[in-house]
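Remarks on the structure that follows.
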Amino acid sequence: MRVTLDWLGVATFRLTVGERVIFLDAYMDRVPGAPPVGLGAAEVARADYVLVGHSHFDHLWGAERIAARTGATVIGSHETVRLLHDADGIAEEQLVAVAGGEPLDLGGGVRVRVYPSLHSCIWAQMGATADEACLGDLGVAYQERASRVTRSFEMLHGGALGEDVAAHMKASDRHPRSEGGSLAYLIETPAGSILWKDTSGHWTGILRDLRPDVALLAAVGRGNVDGEPVQGTLADFVASEVELLRPRTVVLCHHDDWMPPLTRPTDVAPLRRALADRAPGARLVEMDYLAAYPILG
Ligand SMILES: [Zn+2]
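Quick note: the sequence shown uses the working numbering, first residue 1, plus one each step.
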């Protein structure tokens with residue numbers, strides 16, 4: 001069976017397994033200054049399922065239009081489902097709320113297993129490059145973390161990064177409670193399995209027992225290891241995830257210039273080097289947008 005993958009920017013992918021079309025996140029419509037990904041949510045004509053990793057706008061926004069236009073079922077956290085239902089009017093019959101531990105049958109030989117995961121530490125200091133080490137920020141109470149994140153979002157909404165960003169936030173941000181809980185998805189197909197994680201965080205005890213053929217990993221910000229910020233570089237964090245998972249193929253995401261001037265293009269070289277050093281058995285696929293890459297089969 002042929003399994004193809006289109007990267008659509010940030011952590012959004014279109015996964016096509018035989019006749020099944022499965023979106024992983026739904027964020028394609030970005031600020032005018034971001035490079036276009038070649039497809040907008042309103043142009044998606046076909047989708048059977050949308051899996052959502054967490055409820056931040058740069059993951060969730062678009063799921064409501066895809067669900068409304070295609071009739072796709074959206075699978076996500078209870079917060080994602082609450083927002084889609086209450087803010088966007090998506091019918092209960094099209095929504096499946098999960099928290100980790102649910103095996104789901106998507107038909108066509110595709111099964112999905114949901115695992116609890118963690119969001120990157122957007123409240124902590126982060127490196128300007130993937131090989132800049134960050135230390136400290138350990139033991140910061142949740143209340144302090146949350147107030148730092150609130151200030152960052154107020155800055156984005158308030159126009160500190162320009163009118164384009166403020167207008168985009170107004171349109172896209174559904175004001176989730178925190179990030180609504182982060183989830184990892186293991187997608188099992190007749191041609192092999194794919195683990196997808198849309199933010200740089202994990203529970204070590206969960207990742208180390210999974211053995212996907214392909215790992216789609218967010219490479220951005222300050223990694224979160226078991227609830228505390230990684231002590232080191234982003235490149236080391238991503239390499240540690242690949243060491244835990246031992247996939248044959250790795251695809252990075254969320255490292256593109258998705259919301260300038262908040263973001264810049266990432267130099268992938270340090271990530272490439274860290275993976276070659278620490279996980280030489282894993283092949284790194286560097287994907288362009290809308291490449292219809294044959295990832296399995
Ligand atoms: Zn997020």
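From the three backbone atoms N, C-alpha and C, an ideal C-beta is built for every residue, glycine too.
Query                                                                                                                                                             : Result
Determine the direct distance from the alpha carbon of W7 to that of Y289, and round the result to whole angstroms.                                               : 5 Å
Kindly provide the ranges of any alpha helix (DSSP H) runs that are 4 or more residues long and lie completely inside the region 52-105, ordered along the chain. : 57-60, 63-70 and 78-86
Would you mind giving the Cβ-Cβ distance between T16 and A130, rounded to the nearest angstrom? I have them listed as a contact below 8 Å.                        : That belief does not hold up - the Cβ atoms of T16 and A130 are roughly 30 Å apart, past 8 Å.
For the alpha helix (DSSP H) containing L346, name the first residue and the last one.                                                                            : A query on residue 346 cannot be resolved here, the shown segment of the chain reaching from 1 to 297 and no further.
Report the rounded CA-to-CA distance for P294 versus G18, giving the unit in angstroms.                                                                           : 11 Å
Less than 6 Å between the CB of H254 and some heavy atom of ligand 1, yes or no?                                                                                  : no
Could you check how far apart the C-beta atoms of S120 and W203 are, in whole angstroms? I think they sit under 8 Å.                                              : In fact, because the Cβ distance is near 14 Å, the residues do not count as touching under 8 Å.
Beta-carbon within less than 7 Å of E243's beta-carbon, same chain only, minus the 5 sequence neighbours each way: which residues are those?                      : R278 and A279
Strictly by DSSP, which residues pair up with S117?                                                                                                               : S182
Take every Cβ of the region 51-58, pair it with every Cβ of the region 70-80, and state whether three or more of those distances are shorter than 8 Å.            : yes
Taking the CB atoms as reference points, tell me whether L210 and L195 lie closer together than 7 Å.                                                              : yes
If you check the beta carbons only, do A218 and T199 fall under 7 Å apart?                                                                                        : yes
By DSSP's criteria, R283 is part of a beta bridge. Which residues make up the other side?                                                                         : T249
Between A97 and R174, which are expected to be in contact by the criterion C-beta below 8 Å, what is the C-beta distance as a whole number of angstroms?          : With a Cβ gap of about 15 Å, A97 and R174 do not count as contacting.
For V179, is the beta carbon positioned less than 6 Å from some heavy atom of ligand 1?                                                                           : Looking at the sequence shown, residue 179 is not Val but Glu. True, at least one ligand heavy atom lies under 6 Å from that Cβ.
By the three-class DSSP mapping on this structure, what secondary structure does G111 have?                                                                       : As written in the sequence, residue 111 is Arg, which differs from the Gly given in the question. Note: R111 maps to strand in three-state DSSP.
I'd like to know whether the C-beta atoms of T249 and V285 end up nearer to each other than 7 Å.                                                                  : yes
Along the chain, which unbroken stretches of the beta strand (DSSP E) at least 3 residues long are found entirely within the region 188-250?                      : 192-197 and 214-218
Could you tell me which residues DSSP pairs with F13 in its beta bridges?                                                                                         : W7 and L24
Return the CA-CA distance between R113 and G180, expressed in angstroms with no decimal places.                                                                   : 19 Å
With respect to the alpha helix (DSSP H) encompassing L156, which residues constitute its N-terminal and C-terminal limits?                                       : Y142 to G158
I'd like the span of the alpha helix (DSSP H) that includes H168, first residue to last.                                                                          : E163 to S172
Just the Cα atoms here: how many angstroms apart are S172 and E144?                                                                                               : 25 Å
For the region 124-142 and the region 221-233, state whether three or more C-beta atom pairs, one from each stretch, are separated by less than 8 Å.              : yes
Output the boundary residues of the beta strand (DSSP E) element that contains Y293.                                                                              : Y293 to L296
P247 and M1 look like a contact to me (Cβ under 8 Å); what is the Cβ gap, rounded to whole Å?                                                                     : Actually they do not touch by this definition, with Cβ atoms about 19 Å apart.
Report, in whole angstroms, the separation of the C-beta atoms of P265 and D256, which I expect to be a contact under 8 Å.                                        : 7 Å
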